[in-house]
Amino acid sequence: MSSIDALLNNNKNPDHAMLEQALSRFASHPLFDQPDSFYCDSPYLRPVRPQDLREFNFDSVLALAELKQPSHLMAQRLLLNIYEQDLIFLPQQKKLHLEEFNAFYDEGLRGAGAAIRPMLERHVFGWLDSEVSVSGNWDVDTFKGYADEVLDRVARTPSALLDCIGNSRNPANAARFFLIQCAGDFLSEASAMARNVLGNFGPAQSELFKILIDEYGYGVAQKKHSVIFESLLAECGLNPAVHYYWQFYTATSLALINYFHYVSANHRHFFRYLGALFYTEASLALVTRAQAQAMRIAFGDTVDTLYFDEHAHIDVHHGKMAFEQLIRPVVLRYGNQVLPDIIRGFEEFRLLQDVADAELFAHVAWHDELSQWRPGPPPALPAGARSHPFHECRDDLSVTHVHGATELFAVDKGTLRLVCSPFTELNLSAGQHVVIPQGLLHGSVITSDHCSYTVTSLE
Amino acid sequence: MKITTLPLDSFNSLAVGARRYFLLQNGDKPVIAPSECPHRGGPLNLGRRKACGAKLVCPWHDNAYPTQSIERGALPAIRRCAEISIVTGNEDIRVWTELLPINQGQGACEDAA
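Going line by line, the protein sequences match chains C and Z.
Under our numbering, the first residue of the first sequence is numbered 1, with each subsequent residue one higher.
Under our numbering, the first residue of the second sequence is numbered 1001, with each subsequent residue one higher.
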């Protein structure tokens, strides 16, 4: 039963009905509803496709193998909107629309988000409980030995990102798509970390604060990591406004941002946060050199790779600080009882990073394939294939989304533009088709007065 | 220190130097548990479960041990999807598969009968 069906049919469980109401209220808010462009000109406009709510059941826990399902993308979009209501965003280039500002931070909307947050977190992160577990007799040095081995393996493994971008048919656009995936996080870098520096937890608190002030540039705007990243985006021909490319974040890129908010917004997960922080800081020190190299392959040797170079340097310190000044003293002070959660956070973020990398590479491979697209005969349909016809008018825009199965997308009448990334678009007319693989982002906009198209499952 | 990563379905017993361990299925959290009973060294890996899996019973003297206390002597391990990484000293490691009644029919509770 879908979430909305549950609402309509629910006359037994008032708590559940309230939850469904909160979900509908939050997701259908005008800020998150239908936009008129694929690009978000305001930091408060973050479309989530509320019309799809009826199809999803967020009460369930997705399995690792189900992360390509459309409910994953929608739940991650919703969660980032909820978490980021705790952060301050003001437009840097455009005019401030005060009514949008007030609406985004509205108390009622925040209340609805707070009500649905645990359900969404369980839906998208519950699978980690069954895919990662820590057992046995650990101490802090055993963990250090394990972490050193993992990080050494990261250091020794050739960069898959470098391969992906270097071997792409269009390395510059592949690199830009990678930067877009980073932008959701890097343009408000370390915001989740800031959730953890308040309160009182002794000397470790001050150590975490030191990492935070590095991230935030010691109060000097030009040194702030997010500002350095804005410069890189602009140099690579991208718009540096916060969430301008909202519709092109993959679900698992969103998961990387949301995981840090998830384990930081609820301080019960503080020790998981410490483990995840250690993994990300220590591994970034190792992978950012290859990321800088990927930028040079894509944009030439003159591209300013300061953002990645800064991390290749400072994250050596941050990785060491996260372990020696944070984790080790915390374990010594509070005992080995806190270690399982620390190790779990380390391993969970590592797994999430691997899953996000795989999804990024799959998108770049598909974009490459589409760049060679030519009209051709449609593939054979499986017996009993289910088709859904759509009839739309000029300028109707379908917000980017994914399908849970590989589908044949065929235009029957009129014309439309299929948009798979800011750099990968196909203009399709009557009689033309394209196969859209399971779990890959795409949207469309109608370019004739009327257009009919059919989507048919190939599975 | 040595990290050994193995597919979970590739073994259920191992020896680290002279010490033997077995893979104790514990829901989503597999444990690399010592095979030697702390009482008289009986084969805990050949024991049975009690209290709906919360305790292991040594086949020699019927001593029952909570899984939690067994885990305190277990090797440090992390399961990630279908693999498990085990942290040991630098001793040689041997792994093999044998019939382990303790991991059969986990759903059945001896006490419920």
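Virtual Cβ for every residue (Gly too), placed ideally from N, Cα, C.
| Item | Value |
| --- | --- |
| Under a three-way DSSP split, which group does residue 393/C fall into? | strand |
| Name, in chain order, the residues that DSSP records as bridge partners for residue 1096/Z. | 1013/Z |
| Which residues mark the beginning and the end of the beta strand (DSSP E) in which residue 427/C is found? | 424-429 |
| From what residue to what residue does the alpha helix (DSSP H) around residue 116/C run? | 107-125 |
| If you reduce the DSSP assignment to three classes, tell me which class residue 164/C lands in. | helix |
| Do residue 287/C and residue 295/C count as a contact pair if the criterion is CB distance below 7 angstroms? | no |
| Please tell me whether residue 136/C has its Cβ less than 7 angstroms away from any Cβ of chain Z. | yes |
| Between 269/C, 267/C, 364/C, which lies nearest to residue 181/C when the distance is taken from Cα to Cα? | 364/C |
| Shortest alpha-carbon distance to residue 46/C belongs to which of 61/C, 26/C, 62/C, 58/C? | 26/C |
| If we cut at 7 angstroms on Cβ distances, does residue 131/C have a partner in chain Z? | yes |
| Count the other CB atoms within 10 Å of the CB of residue 40/C; is the residue buried (16 or more) or exposed (fewer)? | buried |
| Can you confirm whether residue 1009/Z, when its beta carbon is compared against all beta carbons of chain C, has any partner nearer than 7 angstroms? | no |
| Which residue wins for smallest C-alpha separation from residue 34/C, given the options 234/C, 52/C, 376/C? | 52/C |
| Along chain Z, in chain order, which residues have C-beta atoms closer than 7 angstroms to that of residue 145/C? | 1001, 1087 |
| Would you please state the rounded distance, in angstroms, between the beta carbons of residue 132/C and residue 268/C? I believe it to be under 8 angstroms. | About 17 angstroms separates the two Cβ atoms, so there is no contact after all. |
| What runs of the alpha helix (DSSP H), each 4 residues or longer, lie entirely inside the region 258-314 of chain C? | 270-299 |
| The beta strand (DSSP E) with residue 354/C in it runs from where to where? | Looking at the DSSP string, residue 354/C is not in any beta strand (DSSP E); the run it does join, the alpha helix (DSSP H), is 339-370. |
| For residue 348/C and chain Z, any beta-carbon pair shorter than 7 angstroms? | no |
| Compute the beta-carbon to beta-carbon distance between residue 227/C and residue 212/C, rounded to the nearest angstrom, for a pair I have assumed lies under 8 angstroms. | About 15 angstroms; that fails the 8 angstroms criterion. |
| If we ignore side chains and look at the alpha-carbon of each, how far apart do residue 1098/Z and residue 1012/Z end up? | 7 angstroms |
| Considering only residues of the same chain and omitting the five flanking positions on each side of residue 230/C, which have a CB-CB separation below 6 angstroms? | 240 |
| Would you list, in chain order, the members of the region 418-430 of chain C that have their beta-carbon closer than 7 angstroms to a beta-carbon of chain Z? | none |
| Give the list of continuous beta strand (DSSP E) stretches no shorter than 3 residues that lie fully inside the region 130-182 of chain C. | 132-135 |
| Are the CB atoms of residue 455/C and residue 391/C within a distance shorter than 7 angstroms? | no |
| Between the alpha carbons of residue 1085/Z and residue 350/C, how many angstroms are there, rounded? | 14 angstroms |
| Is the beta carbon of residue 414/C less than 7 angstroms from the beta carbon of residue 371/C? | no |
| Mind pulling the chain Z residues with CB within less than 9 angstroms of residue 149/C? | 1001, 1002, 1003, 1085, 1087 |
| Once the 5 residues before and after residue 164/C are set aside, which same chain residues still bring their CB inside 7 angstroms of it? | 174, 361, 364 |
| Compare the C-beta of residue 1092/Z with all C-beta atoms of chain C and state if any pair is closer than 7 angstroms. | no |
| Give me the DSSP bridge partner(s) of residue 1019/Z. | 1016/Z |
| When the Cα atoms are used, what is the spatial distance from residue 143/C to residue 152/C? | 14 angstroms |
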